[in-house]
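Peer 1: Input: one structure, supplied below.
Number of protein chains: 2
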Amino acid sequence: MAGRKVLIVYAHQEPKSLNGSLKTVAVEELSKQGCTVTVSDLYAMQFEPRATRNDIVDCLHNSDEFNYGVETWEAYKRGGLSDDLIEEQKKVQEADLLIFQFPLYWFSMPAIMKGWMDRVLVQGFAHEFPNCYDSGLLKNKLALFSFTTGGSKEMYAKGGINGDIRYLLWPMQHGIMHFCGVKVLEPHICFAPEYVSEEKRKEMLLAWAQRLKTLWKEEPINCSPEWYFK
Amino acid sequence: MAGRKVLIVYAHQEPKSLNGSLKTVAVEELSKQGCTVTVSDLYAMQFEPRATRNDIVDCLHNSDEFNYGVETWEAYKRGGLSDDLIEEQKKVQEADLLIFQFPLYWFSMPAIMKGWMDRVLVQGFAHEFPNCYDSGLLKNKLALFSFTTGGSKEMYAKGGINGDIRYLLWPMQHGIMHFCGVKVLEPHICFAPEYVSEEKRKEMLLAWAQRLKTLWKEEPINCSPEWYFK
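Quick note, the sequences are listed as chains A and B, same order.
Quick note on UniProt numbering: the first sequence kicks off at 1 and runs consecutively.
Quick note on UniProt numbering: the second sequence kicks off at 1 and runs consecutively.
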């Protein structure tokens, strides 16, 4: 879909990793379609994950008792957020689709990516009560979580030792993206790439490229408890 | 319970916050009982949340392709982890109870605390297949997640707009603590303290102090899908 804009938020330390290759495949395939693709390579950027007073460049709204949520909201409104946050917010604002590419760490995203969520999706920019969920401020955008796991598909099956993989998607897909109004596409999961052959890993890359070819025709999931816990 | 050791992993920027007070209440009450209490004040420590090559002080096992999980596992075995991680692991090793005190950020813990999980709970130290879940390497320890929310209790009820609060506890309680063999006590949740009176906030502190008085008599939850998604 020529002209569409995609932001890939990518968190892996090693370009040669499968995550690195999945990111590259997405850049290539989407560019081939005529999309404009931007990558936030969080480790390469040494992205700051900690939510601190440094995110507000000027004076505080209430310097007597620091409240991160209130302070970043106020700073957003007056244009007083730190440059790295303004930069990421611009990328989000322009994007039609956000792809999050990462290895699953502890049933969730790595801390560096969680820090991106904590710091970039500021009140006023991404949501502002009552503009949350279906009327969140980032509505009309799509998100897709693409990740690798340590455990196998069987371990992440319903009744498996890790429980249904969908259980752990709830905070990320519903709690973050849906909350901001973003519609969520089916996740793309590569199970246990470290325990399969080079051949199999190549198939994983091909499957991702293949999916991306028809991605714009996909319907978002129904991001409600039924999808996750049925 | 005199002699018991408690580690409080605490993530709030502001000592005057309710989270700060909840942490102080826990230190005071548990000390009064004769427990030894240690606090890891993550923001004050400027704790590093990013999982990088810097966590391995000496040479890499495979410098051609960096794999964080493998490298930290190998480094753990030969004593080659960075000092800050060794320090935190010592505190965990000595503790009978881990209390995590934080404000809920995006249906999860703040990135600085997720980074503590990502970096401290290294393979070989906290788990080592097949020693996971009930036979995880940190068995015989207890954990308790104590946190504040932005949303109200009604919003986090089953059928509420945010879904049952238990849904979001799965990755933290089951995916992290249970995986390492740690038994999990009922979470302690202060709903929407920013929207209640000073009087109500004082009651929240008292309720926490009260619970701590009999904490050692509590039974862990049954950390299985039924508890979370029933």
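Glycine residues also receive a C-beta, built at the ideal position from the N, C-alpha and C atoms.
Fair warning: this is a prediction, and the values are worked out from it, not measured in the lab.
Does DSSP put Pro171/B in a helix, a strand or coil?
Peer 2: DSSP places Pro171/B in helix when its eight states are reduced to three.
Peer 1: Mind checking which residues open and close the beta strand (DSSP E) that includes Val39/B?
Peer 2: Segment 36-41, the beta strand (DSSP E) holding Val39/B.
Peer 1: Return no unless some Cβ of chain A is closer than 9 Å to the Cβ of Trp106/B.
Peer 2: Output row for Trp106/B: interface = yes.
Peer 1: If we count the other Cβ atoms within 10 Å of its Cβ and call it buried at 16 or more, is Glu65/B buried or exposed?
Peer 2: Glu65/B comes out exposed.
Peer 1: Could you confirm whether any beta carbon from chain B is found closer than 9 Å to the beta carbon of Phe179/A?
Peer 2: Yes, contact with chain B.
Peer 1: Per the contact definition of three or more C-beta pairs closer than 8 Å, is the segment 116-129 of chain B in contact with the segment 85-98 of chain B?
Peer 2: Taking 8 Å as the limit for Cβ pairs, the verdict is that the segment 116-129 of chain B does touch the segment 85-98 of chain B.
Peer 1: Just checking: is the beta-carbon of Lys183/B within a distance shorter than 9 Å of some beta-carbon in chain A?
Peer 2: For Lys183/B, the answer is no, since every Cβ of chain A falls outside 9 Å of its Cβ.
Peer 1: Please list the partners that Phe147/A has in chain B, where partner means a Cβ-to-Cβ separation under 8 Å.
Peer 2: Going along chain B, no residue has its Cβ under 8 Å from Phe147/A, so there is no contact; the nearest lies around 13 Å.
Peer 1: Quickly, what does DSSP pair Thr148/B with across the bridge? List them, please.
Peer 2: The partner list for Thr148/B (beta bridge, DSSP) reads Pro103/B, Cys190/B.
Peer 1: Taking Cβ positions, are residue 277/B and Leu137/B nearer each other than 9 Å?
Peer 2: Outside the shown range of chain B, which is 1 to 230, sits residue 277/B, and nothing can be said about it.
Peer 1: Taking all protein chains shown into account, do 16 or more other C-beta atoms lie within 10 angstroms of the C-beta of Glu74/B, making it buried, or fewer, making it exposed?
Peer 2: By the 10 Å Cβ count, Glu74/B comes out buried.
Peer 1: Cα-Cα, which of Gly159/B, Ala209/B, Gly181/B is closest to residue 231/B?
Peer 2: Because chain B here runs from 1 to 230, residue 231/B falls outside it and cannot be looked at.
Peer 1: Would you kindly check if the distance between the Cβ of Ile161/B and the Cβ of Ile99/B is under 9 Å?
Peer 2: No, the Cβ-Cβ distance between Ile99/B and Ile161/B is not below 9 Å.
Peer 1: In chain A, what lies closer than 8 Å to His174/B by C-beta?
Peer 2: Those are Phe107, Gly163, listed as they occur along chain A.
Peer 1: If we count the other Cβ atoms within 10 Å of its Cβ and call it buried at 16 or more, is Ala157/B buried or exposed?
Peer 2: It is exposed - the Cβ of Ala157/B has fewer than 16 other Cβ atoms within 10 Å.
Peer 1: Tell me the DSSP secondary structure of Ser108/B in three-state form.
Peer 2: It is a strand residue.
Peer 1: What does Trp73/A reach in chain B if we use C-beta pairs closer than 9 Å?
Peer 2: None at all; the shortest Cβ gap to chain B is about 12 Å.
Peer 1: List the residues of chain A that Gly136/B touches, going by C-beta distances under 8 Å, in chain order.
Peer 2: Neighbours of Gly136/B on chain A: none; closest Cβ ~12 Å, over 8 Å.
Peer 1: Taking 8 Å as the cut-off, does the segment 19-26 of chain B touch the segment 108-118 of chain B (at least 3 CB pairs, one atom from each stretch)?
Peer 2: Counting Cβ pairs under 8 Å, fewer than three are found: no touch.
Peer 1: Please report the residue range of the alpha helix (DSSP H) in which Tyr68/A lies.
Peer 2: It spans 68-78 - the alpha helix (DSSP H) in which Tyr68/A sits, taken as one unbroken run.
Peer 1: 9 Å is my cut-off, CB to CB: does Gly3/A come that close to chain B?
Peer 2: Not closer than 9 Å to any Cβ of chain B, the Cβ of Gly3/A fails to qualify, so no.
Peer 1: Establish whether the CB of Thr52/A and some CB of chain B are separated by less than 9 Å.
Peer 2: It does: the Cβ of Thr52/A has a partner Cβ on chain B nearer than 9 Å.
Peer 1: Could you list which residues in chain A have their beta carbon closer than 9 Å to that of Leu85/B, in chain order?
Peer 2: None at all; the shortest Cβ gap to chain A is about 14 Å.
Peer 1: From Ala44/A to Glu48/B, what does the alpha carbon distance come to, in whole angstroms?
Peer 2: Spanning the two alpha carbons is a distance of roughly 16 Å.
Peer 1: Would Ala207/B and Met177/B qualify as a contact pair, given that the criterion is a beta-carbon distance under 9 Å?
Peer 2: No.
Peer 1: Since I believe Val37/A is in contact with Val70/A (beta carbons under 8 Å), could you give me their beta-carbon distance rounded to a whole number of angstroms?
Peer 2: That pair is no contact at about 35 Å.
Peer 1: Using a Cβ cut-off of 9 Å (strictly closer), state whether Glu43/B contacts chain A.
Peer 2: Per the sequence presented here, residue 43/B reads as Tyr, with Glu not at that position. By this cut-off, Tyr43/B is an interface position.
Peer 1: Just to check my reading of the structure: Trp106/B and Pro110/A have Cβ atoms closer than 8 Å, yes? What is that Cβ distance to the nearest angstrom?
Peer 2: Incorrect: roughly 14 Å between the Cβ atoms, too far for contact.
Peer 1: Going straight from the alpha carbon of Asp55/B to that of Gly80/B, what length do you get?
Peer 2: For Asp55/B and Gly80/B, the distance between alpha carbons rounds to 8 Å.
Peer 1: Output the boundary residues of the alpha helix (DSSP H) element that contains Val92/B.
Peer 2: 83-94 is the span of the alpha helix (DSSP H), which, as asked, contains Val92/B.
Peer 1: Please confirm whether Lys16/B has its beta-carbon closer than 9 Å to some beta-carbon of chain A.
Peer 2: Closer than 9 Å: yes.
Peer 1: Using Cβ-Cβ distances below 8 Å, what residues of the segment 11-36 of chain B are close to chain A?
Peer 2: Those residues of the segment 11-36 of chain B that come within reach of chain A (Cβ to Cβ, closer than 8 Å) are Gln13, Glu14, Lys16, Ser17.
Peer 1: Quick one: which chain A residues come within Cβ less than 7 Å of residue 231/B?
Peer 2: Lying outside 1 to 230, the shown extent of chain B, residue 231/B is not represented and no answer is given.
Peer 1: Indicate whether Gln33/B and Lys213/B have their beta-carbon atoms separated by less than 9 Å.
Peer 2: Contact flag set, yes.
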